[in-house]
Amino acid sequence: LIDFLSTGDYYSKLGREGESRDSVKKLANIVLNLTTEKAIGIPLYRRARQEFPKTFQIIEDLKRKDHRNLSNLLRHFTAESVEDALLRLQSMGILTVPQTDALLCQRKHTETVGHVFGAAVFKVSRGVCCRIDGIRYEGPGQDFPEQYAQARAHTSF
394 LIDFLSTGDY
404 YSKLGREGES
414 RDSVKKLANI
424 VLNLTTEKAI
434 GIPLYRRARQ
444 EFPKTFQIIE
454 DLKRKDHRNL
464 SNLLRHFTAE
474 SVEDALLRLQ
484 SMGILTVPQT
494 DALLCQRKHT
504 ETVGHVFGAA
514 VFKVSRGVCC
524 RIDGIRYEGP
534 GQDFPEQYAQ
544 ARAHTSF
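Going by our numbering, the first residue of the sequence shown is number 394, and it counts up by one from there.
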């Protein structure tokens with residue numbers, strides 16, 4: 394699952410050929426917030442469930458008593474990633490504004506923000522690499538922009 398989440402675009406890979414990324418993302422979020430009984434009736438859910446049976450066993454266990462449990466966890470992890478990146482960037486003197494699951498910044502800081510936010514997602518998710526605004530975070534040890542490398546020496550994740 395981590396390999397699946399870390400390579401390519403998650404929503405594009407979940408959809409069928411010809412389906413737009415945005416429509417798959419919208420449907421995936423709706424499906425994850427449904428009860429399992431309702432979600433099973435949707436082909437996207439069945440495909441993902443067949444591809445990752447152990448993961449969906451855990452998801453369904455989490456949702457058994459209250460189907461909102463999963464969305465609450467995902468919101469928590471998203472907020473934790475945003476907060477971690479926001480604090481790190483503030484310590485570097487880079488002004489960012491949080492917006493739901495994103496950080497808005499000046500264009501000149503896009504690369505640094507992408508790396509810092511990617512590192513926060515990697516940490517919170519325990520290993521999922523991500524692409525943020527075209528910037529791919531590949532995990533610890535990757536080359537960072539000079540500005541980030543200098544700040545990284547003075548702070549820890």
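Cβ atoms here follow ideal geometry from the backbone N, Cα and C, with glycine treated the same way.
Nearest-angstrom Cα distance between residue i and residue j?
{"i": "R519", "j": "T448", "result": "15 angstroms"}
{"i": "D526", "j": "R414", "result": "15 angstroms"}
{"i": "R524", "j": "R500", "result": "17 angstroms"}
{"i": "L497", "j": "T489", "result": "5 angstroms"}
{"i": "P446", "j": "R440", "result": "10 angstroms"}
{"i": "N426", "j": "E412", "result": "21 angstroms"}
{"i": "G486", "j": "A472", "result": "21 angstroms"}
{"i": "R529", "j": "T429", "result": "33 angstroms"}
{"i": "D459", "j": "K419", "result": "21 angstroms"}
{"i": "E504", "j": "Y404", "result": "23 angstroms"}
{"i": "L437", "j": "P491", "result": "31 angstroms"}
{"i": "P533", "j": "V475", "result": "18 angstroms"}
Out of the options, point me to the one whose CA is closest to residue i's CA.
{"i": "A432", "options": "E412, K456 and H469", "result": "K456"}
{"i": "T493", "options": "L480, R468 and T505", "result": "R468"}
{"i": "E444", "options": "D396, F510 and L463", "result": "D396"}
Would you kindly check if the distance between the Cβ of residue j and the Cβ of residue i is under 8 angstroms?
{"i": "D477", "j": "A421", "result": "no"}
Assuming the contact rule is C-beta atoms closer than 8 angstroms, residue i and residue j should be a hit. Round their C-beta distance to whole Å, please.
{"i": "I435", "j": "V424", "result": "5 angstroms"}
{"i": "V506", "j": "L480", "result": "That belief does not hold up - the Cβ atoms of V506 and L480 are roughly 13 angstroms apart, past 8 angstroms."}
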